[in-house]
Amino acid sequence: MHPAPSVIFFTVFSGLGFGFLAWLGIGIPAPQGWAAFPYFFVAFAMAVGGLIASTFHLGNPKNALKAFSQWRSSWLSREAWMAVLTLTAMGIFAAANIFLNISMPPLGIVGAIMALITVYTTSMMYAQLKTVPRWNHWSTSLLFILLALGGGAILAADSLGTILFIGLAALTQIYVWDAGDKRFTKRGHSIETATGLGDIGKVRMYEPPHSGTNYLLTEMVYVVARKHAIKLRIIAFTLAYVAPMLLAMISDRSFDLSIVALVAHIIGLLAQRWLFFAEAEHVVGLYYDKR
Amino acid sequence: MTTLPAQTTRKLGLVIDLDTCVGCQACVISCKGWNTENYGAPLSDMDAYGAEPSGTFLNRVHSFEVQPDTGGCAQTVHFPKSCLHCEDAPCVTVCPTGASYKRGEDGIVLVDEDACIGCGLCAWSCPYGARELDQTAGVMKKCTLCIDRIYNENLPEKDRIPACVRTCPSGARHFGDFADPDSDVSKLVAERSGMDLMPELGTKPVNKYLPPRPKDTLQEAETTALSPVAETPKGFLGWLDKALEAL
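Structure follows, in structure tokens:
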């Protein structure tokens, strides 16, 4: 799949933003009054910034409001609803806190749960696709949620949360990469099932339907730069998982170290998300004898 | 609504005969022509006269080579591919706006371009590459089964079939109602073991493909040597033969 910068930015930053909102919702940390402003500003900027980035991916954004209509069947529509509802709930929670100095823990807890459901709906846009076996698995959603909680913990400067959730995300990540590498073959998709010609014998492409490229190839049969996949996995794993965990283990941390952990995590996550798309193989590639 | 109809009254679709398709691309061109001038946004081309032309097509012909397991010559199979109008169409349920829908009356899967946001999720969900996002209009394009031909009373009756079927010079494309067991397409599928593409994905395509018929195998000819007609000459001819060779 094409690793479009807009969707990488969207999933990385909205995940971090909603993850941080979840922590703020349960009161970790629990700044009061104007002191709370920078915390909520960062969380909302990331969540909303990510959502705005996702609209750059649309071919015809003028109809974007219609995306709220099909929540009964569409994960993208559910994602739109959950994002707006969560931002509203947490917006009320934040405004009461900042401007009125009123703390509303029940609303915060509800908002935190909604934030995680939002991340789940984001993950399901990818995990629902049977056409991309690497994504079509519960572990995709688990990793998105653990990364939101872990990234949120880094932003919340909560050492225990960082070690716990980034640690769990790291273990899940190893499984996701390992199982994901095998799933396409395991599901039994092949050029023979795609063409139905397997009963005769071995199939290969003789002549593609077009000499140039097309939307299908650029969007779904992205094979460029996969050769760097192993290096990028090492970079992503080190920066997104190992570095924040090690830094969280240093007791009595300075603010500077938290920033280093956050920057490392974001850079690692961008690499991880690039791989998430670039390594995902769509079954339509079989019609081009490519994967 | 992007929920699928529980069942459709009719199941209109195509039968594509992989045995008779000659890969001439006429269906590709007639489809592009008709659908650029009629229903919805035109099918645009990018860099049409430049070094890297590309464009939107609703029907494309792939060509494959199959090496039979039983030995013998490899077979070339031309393989036209367009929307299969699946009964369990994943492209419909993923749509956030309701732009992508399957009609209850005839089972045709369509895109309402006035509601499409061009997110591309329906194209991602389609295993067959049947949907292409038009790079000029920014909306999703797909086969409409020529709804503007098949119900068009301004056209002569013989033209009320999809453009690709009408134009096919080798009779490799057939249009009809699969819900009717007595229709020509249903009979063809029954006779020739019509098949689904990527059945393991559970999309239940309406369009069916007829596999190539088994090829004849060359029979080893029974040969008995002919009796020789010319033997070593004797007598005068024998002398002449030797004499001429000695010269």
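Protein sequence lines correspond, in order, to chains A and B. In terms of this note's numbering, the first sequence is residues 1 to 291. In terms of this note's numbering, the second sequence is residues 1001 to 1247. Even glycine gets a Cβ: it sits at the ideal position worked out from N, Cα and C. Quick caveat, the model's predicted, so the values are computed rather than measured.
Would you mind sorting residue i into buried or exposed? The rule is 16 or more other CB atoms within 10 Å of its CB.
i                       : result
residue 249 of chain A  : exposed
residue 1059 of chain B : buried
residue 234 of chain A  : exposed
residue 1066 of chain B : buried
residue 261 of chain A  : buried
residue 1087 of chain B : buried
residue 1152 of chain B : exposed
residue 204 of chain A  : exposed
residue 1169 of chain B : exposed
residue 43 of chain A   : buried
residue 1106 of chain B : buried
residue 1142 of chain B : buried
residue 1069 of chain B : exposed
residue 1213 of chain B : exposed
residue 1193 of chain B : exposed
residue 99 of chain A   : exposed
residue 296 of chain A  : This structure gives no information on residue 296 of chain A, because the portion of chain A shown stretches from 1 to 291.
Based on Cα-Cα distance, which residue from the options lies nearest to residue i?
i                       : options                           : result
residue 80 of chain A   : A:22, A:41, A:14 and A:33         : A:14
residue 158 of chain A  : A:20, A:6, A:192 and A:180        : A:20
residue 245 of chain A  : A:169, A:197 and A:201            : A:169
residue 1082 of chain B : B:1240, B:1145, B:1037 and B:1150 : B:1145
residue 1183 of chain B : B:1007, B:1040, B:1004 and B:1012 : B:1012
residue 1042 of chain B : B:1197, B:1051, B:1032 and B:1049 : B:1032
residue 1181 of chain B : B:1191, B:1173 and B:1203         : B:1191
residue 109 of chain A  : A:28, A:69 and A:32               : A:28
residue 116 of chain A  : A:131, A:272, A:277 and A:150     : A:150
residue 1174 of chain B : B:1016, B:1022, B:1226 and B:1206 : B:1016
residue 24 of chain A   : A:61, A:199 and A:90              : A:90
residue 49 of chain A   : A:73, A:38, A:35 and A:11         : A:11
residue 306 of chain A  : A:119, A:2 and A:99               : Past the edges of chain A, shown from 1 to 291, lies residue 306 of chain A, and the structure says nothing about it.
residue 231 of chain A  : A:242, A:255 and A:272            : A:272
residue 113 of chain A  : A:125, A:131, A:103 and A:145     : A:145
residue 211 of chain A  : B:1052, B:1147 and B:1003         : B:1052
residue 196 of chain A  : B:1050, B:1055, B:1019 and B:1228 : B:1019
residue 180 of chain A  : A:254, A:56 and A:275             : A:275
residue 1135 of chain B : B:1055, B:1219 and B:1242         : B:1055
Quickly, what does DSSP pair residue i with across the bridge? List them, please.
i                       : result
residue 1158 of chain B : Beta-bridge pairing links residue 1158 of chain B to no other residue.
residue 201 of chain A  : B:1068
residue 1080 of chain B : B:1061
residue 1195 of chain B : B:1209
residue 1101 of chain B : B:1110
residue 272 of chain A  : DSSP lists no partner for residue 272 of chain A.
residue 1132 of chain B : B:1141
residue 1173 of chain B : B:1016
residue 1046 of chain B : B:1054
residue 1075 of chain B : B:1066
residue 294 of chain A  : Any answer about residue 294 of chain A is impossible in this case: the structure gives chain A only from 1 up to 291.
For residue i, collect the residues of the same chain with a Cβ closer than 7 Å to its Cβ; drop the 5 residues on either side in sequence, then sort them by chain order.
i                       : result
residue 92 of chain A   : 107
residue 66 of chain A   : none
residue 1078 of chain B : 1021, 1022, 1023, 1061 and 1063
residue 78 of chain A   : 71 and 121
residue 192 of chain A  : 198 and 203
residue 165 of chain A  : 146, 149, 150 and 153
residue 172 of chain A  : 139, 142, 143 and 146
residue 83 of chain A   : 51 and 118
Quick one: residues in its chain with C-beta nearer than 8 Å to the C-beta of residue i, no 5 flanking neighbours on either side, listed in chain order?
i                       : result
residue 194 of chain A  : 283, 286 and 287
residue 127 of chain A  : 135, 136, 137, 138, 140 and 141
residue 1204 of chain B : 1086, 1087, 1088 and 1196
residue 1117 of chain B : 1096, 1097 and 1099
residue 1057 of chain B : 1028, 1031, 1032, 1043 and 1132
residue 228 of chain A  : none
residue 257 of chain A  : 247 and 250
Might you give, ordered along the chain, the residues of its own chain that have their beta carbon closer than 6 Å to the beta carbon of residue i, omitting 5 neighbours on each side?
i                       : result
residue 1091 of chain B : 1100, 1122, 1125 and 1126
residue 269 of chain A  : 12 and 240
residue 96 of chain A   : 102 and 104
residue 277 of chain A  : 1 and 3
residue 53 of chain A   : 6, 9 and 10
residue 1040 of chain B : 1113
Of the residues that make up the region 1075-1088 of chain B, which ones have a beta carbon closer than 8 Å to any beta carbon in chain A?
1075, 1076, 1077, 1079 and 1081
Short-range partners of chain A found in the region 1056-1075 of chain B, where Cβ spacing is below 8 Å
1056, 1057, 1060, 1061, 1062, 1063, 1064, 1065, 1066, 1067, 1068, 1069, 1070 and 1075
For the region 1040-1055 of chain B, enumerate the residues whose C-beta is nearer than 8 Å to any C-beta of chain A, in chain order.
1052, 1053, 1054 and 1055
For the region 1168-1183 of chain B, enumerate the residues whose C-beta is nearer than 7 Å to any C-beta of chain A, in chain order.
none
Can you give me, in chain order, the residues of the region 1103-1128 of chain B that have a beta carbon less than 9 Å from any beta carbon in chain A?
1113, 1114, 1115, 1116, 1117, 1118, 1119, 1120, 1121, 1123, 1124, 1125, 1126, 1127 and 1128
Report the residues of the region 204-215 of chain A with a CB closer than 7 Å to any CB of chain B, ordered along the chain.
204, 205, 206, 207, 208, 209, 210, 212, 213, 214 and 215
Contact residues within the region 29-61 of chain A, judged by C-beta distance below 8 Å to chain B:
57, 58, 59, 60 and 61
Any residues in the region 1006-1036 of chain B with a beta carbon nearer than 7 Å to a beta carbon of chain A? Which ones, in chain order?
none
If contact means a Cβ-Cβ distance below 8 Å, which residues of the region 1202-1236 of chain B contact chain A?
1202, 1209, 1211 and 1212
Going along the chain, which residues of the region 91-124 of chain A sit with their C-beta nearer than 7 Å to a C-beta in chain B?
none
Members of the region 217-247 of chain A near chain B, C-beta cut-off 8 Å
219 and 220
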